[in-house]
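Only one structure is covered here, and it is reproduced in the block below.
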Amino acid sequence: MDKKRVLNQLADIVGPEYVTDEEFILLTYTQDFGTQPPVWPAFVVRPGTTEEVSQVLKLANELKIPVSPRGGGSAQEGGCQSDGGIVLETLRMDRILDIDEDTGTVTVESGITFVKLMSALEQRGWKIGIAPSGAMAGTPGAHIARPGVGWGNIKYATQGDQVVGLKVVLPTGDVASTGSAGNPNSDSFFRYCLGPDLAGLFIGSEGAYGVITEATLRMYPWPEKIYLERYIGSDLNDAVNIFREIALHNLVCYISVPVIKPDMILFDVNVEGDEAEVEHHLQRIRAIVGKYPGIRFMGPEGPNKFWERRWFNTGEEFKDGIAGAVNYFLPFAKLQEATYAMREIMDRHGIRKYAQQMFPEPQGSEHVSLMFHHPGDKEEYAKIQKALAEMMDKALVLGGSPYSKGRQWAPYLEKHLGNTGYWRTLKAIKKALDPNHIMNPGVVGL
Amino acid sequence: MLERLKHEIYECSRCGFCRVWEWEGVENVCPTYPYTPGWESQYARGRVRLARATMENEIEVTDAMLQHAFQCTLCANCQAHCPVGVPLSEIFHAWRVDLAAEGRVLPIHKQVAESVLTHHNLYGPRGGRKGSETATPRKASVLYFPGCTTIRKARKVAKATGELLGKLGLDFVVMEEDACCGYPLYETGLVGEAKQAAAWAIKRIQEYNPDVILTTCPSCYRVFKYIYPQELGVEHGLQVAHVSEFLPPLVAGKMSGLEAKVTWHDPCVLGRHLKMYDPPRDLLQMVPGLQLVEMHSNRENALCCGAGGGVFSAFDEIAGQVSEQRLRQMVETGAQWLATSCPACYVNLQRMIGRAGLNVQVKDLVEIVNEAIR
């Protein structure tokens, strides 16, 4: 590759100030919030429009240079960057394009941060369904590509479920709008129409199929009341039974289970709606919890205090160091077994400080293990990497479905799924959309 | 210097919360980032990584990297909002000290340092005006030390302070001669030069044999009170006071009404660095008739004016853009006056009023109090 020539060609597309191959800038793009080893790009570009993204991908496709899209670089599991290619950062594309109170949708460029979007909506009396814990730095494009869980998991499921339409740039540079916006005479107001659900291809694809440049999400009137209360107990089985029943009856916006220890489980419920609805749901939740005498009511103060500064507080979790993370979904029935299995692996590897958490979904739960360490502690880091490998493999054996895959899950996905029609289909689509294999090669095993 | 902060440098979790907010009154955590091309290296997360790279000799320090390092105003907004509590501003200052030790400073900052050591101010010789060589120190209870930016660029503040001290009947002297406290050199990492400037300044101050050094500049205040003894090894044993804490007992009950709506701009050094959020506000509220309103970014969340950390001298355009953003926040409040107590903020904000086409005034705290005491 003639690097100088490529740099000039990229500069012709995005402008010289928005492309770089300066070593010191590249260094700052070798890692994100994740704990994977550094990966050096050859260039970083910061396009400002879908058209510029398209031109960058056309060039990369022609020259067969790998391209890794990047939002806020704030994903806890990270791993979504390929070696030696172009990092395409979307943060300049940060506008709200339309708040449509007629269809109840908001259309944004994919590089806006969630907090900026949510603040703008809140001022107008609206909210989105799902926000990641890293909302301060995270972007919808990256979250949808993950496929986006967060606060709101039970009532609104995932960010993917909130997508009405996407605008995507394919690896060849072609631009496609999904859903109703596939009709050039229409905007994005309905997802499942015209033909197959193209948006679904990009949700969870982690950039392997293209770059999301715009997203239309559902939005909801800001609820009259948001109320949280906390419970604590010692029996994981009881707690999971409670989560299942609350989720099945759709009584909460979300349940957060930030602490699961052998002798303690702590969870918060977040209920939203009008006064009567919140009161009614609370009565039902309390009745469900009341069936389990070992679970104690801890009141609203703690979780409401957290909620007041929720976007900031999520970052405080990392005062104990950064965390190697394993996240995956499981049905309710398997949560207890998975908790014990992961704990056994972390204990066996002598991990000094870890946390287990759950964030229930309508049909099961996201199960999270975080292994904290000071970023300079190489010995602990090595232990964590070994444990992570075993845990990813074990999660798939248990029937778990990883939430964020990156490159780290690829060998285990290949091992357990490699002979399936699902895997062959993913590969076939990859080949059709990305014949030169330039889009985030290796991520999700593609 | 960085080596001492190694543990803290590694504590950065890389969450990225220091980039841009639009939440809880913080438009953007990093004041300059929105006015740069926006690379990772132009806000705190990337800068921490580069500080580490410097400490570990990981990469070559280029001129372009220096530019990114010095586009930081050291406003400490990122530090105040880091969920992990990384002492970011301290790290970025230590980074500059280490870079300077290797001779890696911006040419303009080197030039400024030479000016301070030669002419005892940031701005070169006085031209037609008389300089320090003509001043004759005399004993006074209060030595008002305006500092070089006030003397050269914000003379109205020095004049108002002199008038006010006179009205209050104090035994005082205004140090009219060129004298720089050395803080701008300290900020840009030139600690050796800052020590020389400090030694000169304190020697000169001691010739006045004051009971108290009074400042209207938070940087002079911080450097005299804390940085001289704690970091530069210059012990002076003198009492140091900033006007916001010095004036209240002296002016209580003596001020007449001023009918105006005013908002307080927290200078970063006075606010986030020294936590003096209340004294200036309390003083403004002592003025009868004055209505104090807050900008949505205030106190710990306050947006920097854009001038700090050597940005004013090296990146004039960025400093102006940040200042204009701060003025827009002021306009939202409906205030006629923006009050502050820092000559750099005063000058940087005032110069942008015209360019932004605004019909508002920037006033120093002392100007307001002086106006209220007739």
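From first to last, the protein sequence lines are chains A and B. Its first residue numbered 1, the first sequence is counted upward by one per residue in the numbering used here. Its first residue numbered 447, the second sequence is counted upward by one per residue in the numbering used here. We treat Cβ as the ideally placed atom computed from N, Cα and C, and that holds for glycine.
Terminal residues of the continuous beta strand (DSSP E) containing residue i?
i: Gln357 (chain A); result: 353–360
i: Met219 (chain A); result: 211–221
i: His367 (chain A); result: 364–373
i: Pro262 (chain A); result: Here Pro262 (chain A) belongs to no beta strand (DSSP E), and DSSP marks it neither H nor E.
i: Lys127 (chain A); result: 126–128
i: Gln737 (chain B); result: 736–739
i: Leu773 (chain B); result: From DSSP, Leu773 (chain B) is part of no beta strand (DSSP E) but of the alpha helix (DSSP H) over 762–779.
i: Ser561 (chain B); result: Not the beta strand (DSSP E): Ser561 (chain B) falls in the alpha helix (DSSP H), residues 553–565.
So for residue i, helix, strand or coil by DSSP?
i: Leu696 (chain B); result: helix
i: Ser459 (chain B); result: coil
i: Pro713 (chain B); result: coil
i: Gly148 (chain A); result: coil
i: Asn270 (chain A); result: strand
i: Pro480 (chain B); result: helix
i: His719 (chain B); result: helix
i: Leu97 (chain A); result: strand
i: Glu681 (chain B); result: coil
i: Leu804 (chain B); result: coil
i: Gly524 (chain A); result: This structure gives no information on residue 524 (chain A), because the portion of chain A shown stretches from 1 to 446.
i: Ser578 (chain B); result: At Ser578 (chain B) the pLDDT is 49, less than 50, meaning the model places this residue with poor confidence and gives no usable figure here.
i: Tyr792 (chain B); result: helix
i: Gly299 (chain A); result: strand
i: Gln488 (chain B); result: helix
i: Met621 (chain B); result: coil
i: Ile13 (chain A); result: helix
i: His437 (chain A); result: coil
i: Val543 (chain B); result: helix
i: Gln159 (chain A); result: helix
i: Trp469 (chain B); result: strand
i: Leu88 (chain A); result: strand
i: Thr500 (chain B); result: helix
So the alpha helix (DSSP H) residue i belongs to, where does it begin and stop?
i: Gln55 (chain A); result: 50–63
i: His281 (chain A); result: 275–290
i: Thr519 (chain B); result: That residue, Thr519 (chain B), is in no alpha helix (DSSP H); it is neither H nor E in DSSP.
i: Arg472 (chain A); result: Absent from the model: residue 472 (chain A). The displayed extent of chain A is 1 to 446, so no value can be given.
i: Leu335 (chain A); result: 335–348
i: Val240 (chain A); result: 236–248
i: Tyr632 (chain B); result: 629–633
i: Leu201 (chain A); result: 198–202
i: Phe24 (chain A); result: 23–27
Exposed or buried, residue i, counting other C-beta atoms within 10 Å across all chains shown (16 or more means buried)?
i: Gly195 (chain A); result: exposed
i: Phe297 (chain A); result: exposed
i: Pro435 (chain A); result: exposed
i: Tyr328 (chain A); result: buried
i: Met93 (chain A); result: buried
i: Thr425 (chain A); result: exposed
i: His711 (chain B); result: buried
i: Tyr29 (chain A); result: buried
i: Arg495 (chain B); result: buried
i: Glu109 (chain A); result: buried
i: Asn185 (chain A); result: exposed
Measure the CB-CB distance between residue i and residue j and report whether it falls below 9 Å.
i: Thr779 (chain B); j: Lys721 (chain B); result: no
i: Cys453 (chain A); j: Ile232 (chain A); result: As shown, chain A starts at 1 and ends at 446. That puts residue 453 (chain A) outside it, with no answer to give.
i: Glu379 (chain A); j: Val149 (chain A); result: no
i: Gly73 (chain A); j: Arg450 (chain B); result: no
i: Ala410 (chain A); j: Gly442 (chain A); result: yes
i: Gly71 (chain A); j: Thr49 (chain A); result: no
i: Ala247 (chain A); j: Ile154 (chain A); result: yes
i: Val603 (chain B); j: Pro656 (chain B); result: no
i: Pro66 (chain A); j: Ile96 (chain A); result: no
i: Asn747 (chain B); j: Val558 (chain B); result: no
i: Thr595 (chain B); j: Gly755 (chain B); result: no
i: Val163 (chain A); j: Thr103 (chain A); result: no
For my contact list, residue i and residue j are in at a C-beta cut-off of 8 Å; report their separation, rounded to the angstrom.
i: Asn440 (chain A); j: Glu77 (chain A); result: So it is not a contact: roughly 15 Å between Cβ atoms.
i: Thr582 (chain B); j: Val812 (chain B); result: No, Thr582 (chain B) and Val812 (chain B) are not in contact; Cβ-Cβ is about 25 Å, not under 8 Å.
i: His416 (chain A); j: Leu396 (chain A); result: 4 Å
i: Glu741 (chain B); j: Gln771 (chain B); result: One detail in the question is off: residue 741 (chain B) reads as Met in this sequence, not Glu. No, Met741 (chain B) and Gln771 (chain B) are not in contact; Cβ-Cβ is about 11 Å, not under 8 Å.
i: Phe312 (chain A); j: Met136 (chain A); result: 7 Å
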